[in-house]
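Chemist: Quick one: this structure, given as structure tokens, is what I'll be asking you about.
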Amino acid sequence: MKIVEFPFSCLLYLTVLPSVQEQYSRLRCIIYPIPGLFFIYYLFHPELDMNYIYYVLPLGMVLTIVMAVSLPSDSQADF
Numbered sequence: 000m001k002i003v004e005f006p007f008s009c010l011l012y013l014t015v016l017p018s019v020q021e022q023y024s025r026l027r028c029i030i031y032p033i034p035g036l037f038f039i040y041y042l043f044h045p046e047l048d049m050n051y052i053y054y055v056l057p058l059g060m061v062l063t064i065v066m067a068v069s070l071p072s073d074s075q076a077d078f
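The opening residue of the sequence shown carries number 0 in numbering that gives the first Met the number 0; numbering runs sequentially from there.
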């Protein structure tokens, strides 16, 4: 059963931000913008086109950099 569950767990890890303090991970928050924005874009535009590369990917990169600079480390996180 773990073989079937593993891809879904990876997709969940990349596209859903943690909602409780025990699940907080700085790495998870830094990784989120690119696959998360891609997932949101894909929900509204099921066909893949170049708009993803022109609009979503640069926005995701900017948000990744902002989060990498501004988020506290795992041990310093205070909710």
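Quick reminder that beta carbons are idealized off the backbone N, C-alpha and C, glycines included.
1) Going by C-alpha to C-alpha distance, which of E21, S72 and R27 sits closest to T14?
2) Report the CB separation of D73 from Y23 in whole angstroms; it is logged as a contact under 8 Å.
3) If you count every other CB in all the chains shown that lies within 10 Å of the CB of P53, and 16 or more means buried, which is it?
4) CB L70 to CB R25, shorter than 8 Å?
5) Report the start-end ranges of each alpha helix (DSSP H) in the region 7-69 that is 4 residues or longer and not cut off at the edges.
6) State the CB to CB distance for the pair L36 and V65, rounded to an integer number of angstroms; the pair is presumed to be in contact (CB under 8 Å).
Modeler: On the basis of the data shown:
1) R27
2) 7 Å
3) The sequence shown places Tyr at residue 53, rather than the Pro named in the question. In this structure Y53 is exposed. Its beta-carbon is surrounded by fewer than 16 other beta-carbon atoms within 10 angstroms.
4) yes
5) Counting only runs of 4 or more, we get 25-30, 32-43 and 56-69.
6) In fact, because the Cβ distance is near 13 Å, the residues do not count as touching under 8 Å.
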